[in-house]
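Protein chains in written order, with UniProt numbering: chain A, 1 to 249; chain B, 1 to 225; chain C, 1 to 175.
Some notes on the structure that comes next.
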Amino acid sequence: MRRRAGVGAIHKQKLEQEKYRDKGTEIQENQLEQMSKQMEVFRTNLEDFAAKHKNEIRKNVQFRRQFQDMCASIGVDPLASGKGFWSVLGIGDFYYELSVQIVEVCIATSYKNGGLITMDELRKRLVQARGRSKQHQDISIDDLLCASKKLRIFGNGFTVLPMGKGQYLVQSVPGELNMDHTAILQAATDNEGHISCSDIQSKLGWELERTQRGLNYMLQEGLAWIDVQNPKEKTYWFPSLFAACVNAQ
Amino acid sequence: MGALFGKQKPKSRVTDHDRAILQLKQQRDKLKVYQKRIQGTLEKDTELARKLLRDGKKDRARLILRKKKYQEQLLSTTDNQLENLEKLTQDLEFAGIEAQVINGLKVGSEALKKANAVFSIDEIERIMDETREGVEKQQEIDEMLSGVLSDQDEEDVLAELDDIIKEQKKETEPSPAVPDEEMDELPDEEMEELPDVPSEEPQESTAAKKERNKQPKEKVAIAAS
Amino acid sequence: MSEIEWPWQYSFPPFFTIQPHAETKARQLKAWHTLVLNYFKANNLSSLDIREAHQSSLFNNSSIDRKLPPEGILLVLEDLQKSGNATPLDKTRNRWLVYWHTLEEWAAIIYSWAQANGFLNTVCTFFELVSGDDTNEQEFHGLDEEVLLRAIQVLETQKKAEVIPIDDSHGVKFF
């Protein structure tokens with residue numbers, strides 16, 4: 001009895017286990033199917049939403065920002081794709097277009113600023129240039145930062161330098177700027193676009209040699225101009241930070 | 001012509017005529033400058049006179065006005081002179097153009113003369129005679145071709161006609177006999193009348209060739225059997 | 001003196017210091033080039049003495065207390081010379097003629113005027129060309145006689161004109 005029952009039990013257990021496994025698989029499959037379905041629905045909804053609010057996304061800065069966050073949460077990068085459904089939307093295009101325009105502005109102004117431009121000036125010129133050709137689109141600094149990420153592929157030929165206080169400089173000529181140079185630029189930004197040795201020494205607490213090395217590098221790179229007629233001492237000027245230059249034309 | 005002279009650098013293309021006009025023009029320029037100066041002082045004087053009158057200095061104002069009047073006369077004199085100068089300059093320039101026109105006419109008539117000199121009257125007569133002879137000859141040929149015949153020609157024609165008629169009579173009477181004779185004589189005639197030969201010979205030769213071609217074929221056939 | 005619209009560089013202090021960096025210097029000289037020609041054109045000037053140049057606001061921006069030093073002015077003029085827009089008048093290179101049109105351009109402008117207005121094969125005084133009523137609308141109206149002479153001399157080498165010296169002035173015959 002025990003034996004028989006044993007065999008039977010084992011047999012039965014086996015059967016049950018199989019049944020459970022089958023059921024489990026079935027449930028798993030069901031769940032997966034359902035989840036895929038949910039994902040599908042979500043994606044479709046997102047697409048519908050994006051398509052519906054396409055213009056809004058292109059025009060409204062905040063809206064665009066939130067939409068991007070939403071996309072990021074499900075692992076879709078509207079910037080990364082130039083093909084498929086997202087290209088129909090033109091979201092990726094929007095940033096590609098923007099980054100091309102950024103390069104255009106940088107090249108067009110490099111004759112006077114030596115390839116260094118403040119994000120503010122860049123934005124102003126971009127909005128001007130775009131305003132002429134198509135319906136006015138509001139471009140935020142965030143958009144510009146996003147678009148300029150695309151330009152990283154150019155290596156150090158195109159760099160965005162954070163200046164603190166929400167200020168950025170865009171450098172469009174090759175030539176690595178190290179921390180010292182960035183610090184000098186930052187100091188000049190706060191000083192109407194010019195700086196002297198003693199200014200730097202007192203502000204940043206550097207010794208003379210370090211200060212001069214940094215300033216000379218900026219001169220060599222064509223980013224700074226030197227003025228020897230200041231009665232006190234030589235002054236280094238950055239056209240990219242000089243108001244009259246920024247507003248020219 | 002200008003380019004021609006231009007190559008010889010020392011030779012100037014400026015004529016005395018040009019210099020004369022230039023002198024006049026310079027004189028005119030000087031007058032114009034003078035006029036401008038007087039006009040300037042005139043305006044100043046008027047202003048001054050007005051001011052003097054306001055200040056009650058009537059005598060001085062009158063003096064100034066008198067000076068102004070004089071200067072105005074000067075101005076009109078210079079105007080006249082200027083007009084004369086302009087006229088003279090224009091006359092001179094026009095004379096230059098006239099000279100050019102006359103020069104052009106001269107060149108034209110020279111060319112015409114040269115062209116005429118090529119033909120002398122004798123030459124023309126000779127050419128005309130030759131032409132006439134040529135024309136006559138041509139007419140003769142034309143007449144000959146188109147059958148306008150002389151009496152001699154008419155006689156010749158009639159004689160030929162008689163000959164042909166006689167010949168025809170001969171031919172029609174012994175007609176049955178002639179073909180046989182002719183058949184016999186045929187080989188001889190072929191030898192004599194060369195033009196007929198080429199038309200027949202190619203046919204004969206091809207026929208001969210065919211025969212020649214046939215023969216070897218037969219020979220081969222026999223050899224094989 | 002009519003004022004021109006100064007470029008942004010004019011208020012940029014280092015613009016008045018010749019830059020050591022070659023590329024920056026080239027940019028600087030290019031800006032000076034344009035500025036000088038604009039200034040000379042606007043004020044109808046033709047000559048410049050480096051020793052007196054500081055009296056002109058062109059090289060001296062008193063509002064920011066900056067002057068282009070004589071060496072700098074010389075550099076700018078030499079740059080203008082390269083493009084045919086300036087010629088030194090003496091060996092010390094202190095006195096200069098500056099043309100906002102090159103002499104070749106002036107020559108072409110004057111000749112096309114003469115051609116269009118039937119002045120070929122006639123003589124004109126220099127006074128007539130730069131101050132006469134016939135040329136009021138022309139760009140070369142009021143042109144310095146020295147510059148005019150040089151432009152006509154260009155035409156002379158092209159066999160399109162001949163200068164005729166008369167008394168203390170000049171005339172010209174166009175061909």
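Glycine is no exception: its CB is placed at the ideal position from the N, C-alpha and C atoms.
- Of all residues in the stretch 211 to 227 of chain A, those with a C-beta nearer than 7 Å to a C-beta of chain C are L219, Q220, G222, W225, I226 and D227, reading in chain order.
- For T235 (chain A), the chain C residues whose Cβ falls inside 9 Å of its Cβ are P13 and P14, in order along the chain.
- Neighbours of C245 (chain A) across chain C, judged by C-beta separation under 7 Å: W8 and F12.
- Nearest C-alpha to L46 (chain A) among A:Q68, A:N30, A:N191 and A:Q34: A:Q68.
- Going by DSSP, H170 (chain C) is part of the beta strand (DSSP E) stretching over S169 to F174.
- The way I'd put it, the stretch 4 to 16 of chain C does touch the stretch 25 to 39 of chain C; three or more beta-carbon pairs between them come closer than 8 Å.
- Using a CB distance cut-off of 8 Å, P239 (chain A) counts as an interface residue toward chain C.
- Among the CB atoms of chain C, none fall inside 8 Å of the CB of Q201 (chain A).
- Nearest C-alpha to H141 (chain C) among C:W106, C:G171, C:L35 and C:T102: C:W106.
- In the displayed model, A244 (chain A) falls within a helix according to three-state DSSP.
- At a cut-off of 8 Å between beta carbons, I21 (chain B) contacts chain C.
- Y236 (chain A): member of the beta strand (DSSP E) spanning T235 to W237, first to last residue.
- With its beta carbon at least 8 Å from every one in chain C, G157 (chain A) lies outside the interface.
- Here the alpha carbon of K44 (chain B) sits roughly 29 Å from the alpha carbon of K25 (chain B).
- Neighbours of Q68 (chain A) across chain C, judged by C-beta separation under 7 Å, do not exist; the nearest C-beta is about 38 Å away.
- Closest by C-alpha distance to A20 (chain B), out of C:V130, C:W96, C:L143 and C:V123, is C:V123.
- The contact set of H21 (chain C) on chain A, defined by CB atoms closer than 7 Å, consists of L219, Q220 and G222 in chain order.
- The beta carbon of L82 (chain B) lies closer than 8 Å to those of R28, L31, K32 and Q35 in the same chain, with the five residues before and after it left out.
- For D144 (chain C), no alpha helix (DSSP H) segment is defined, and its DSSP state is neither H nor E.
- At least one beta carbon of chain C lies nearer than 8 Å to the beta carbon of R13 (chain B).
- With 16 or more neighbouring CB atoms inside 10 Å of its own CB, K68 (chain B) falls in the buried class.
- At least one C-beta of chain A is nearer than 8 Å to the C-beta of T24 (chain C).
- S169 (chain C) reaches chain B at Q26 and D29, counting residues in chain order whose Cβ is nearer than 9 Å.
- If you ignore the 5 residues before and after T102 (chain C), its C-beta comes within less than 8 Å of the C-beta of S83, G84 and N85, all in its own chain and listed in chain order.
- Beta-carbon to beta-carbon, L98 (chain A) and D143 (chain A) are separated by about 6 Å, close enough to satisfy the 8 Å threshold.
- Under the DSSP assignment, I166 (chain C) falls in the beta strand (DSSP E) whose first and last residues are A161 to I166.
- With respect to the 8 Å criterion, F16 (chain C) and L68 (chain C) are classified as neighbours on the basis of their beta carbons.
- Under DSSP, A115 (chain B) shares a beta bridge with no residue.
- Remark: C-beta atoms of I64 (chain B) and L48 (chain B) approach each other more closely than 8 Å.
- Looking at C:W100, C:T135 and C:D79, the one whose alpha-carbon comes closest to that of N117 (chain C) is C:T135.
- Chain A has no Cβ within less than 8 Å of the Cβ of T34 (chain C).
- Of the residues A:E16, A:Y96 and A:D199, the one whose Cα lies closest to the Cα of A183 (chain A) is A:D199.
- In summary, E128 (chain C) is buried, with 16 or more beta-carbon neighbours lying within 10 Å of its beta-carbon over all protein chains present.
- Between the alpha carbons of Q101 (chain A) and L126 (chain A) lies a gap of roughly 7 Å.
- At a cut-off of 8 Å between beta carbons, V154 (chain C) makes no contact with chain B.
- The Cβ neighbour count for A188 (chain A), taken over all protein chains shown within 10 Å, is at least 16; the residue is labelled buried.
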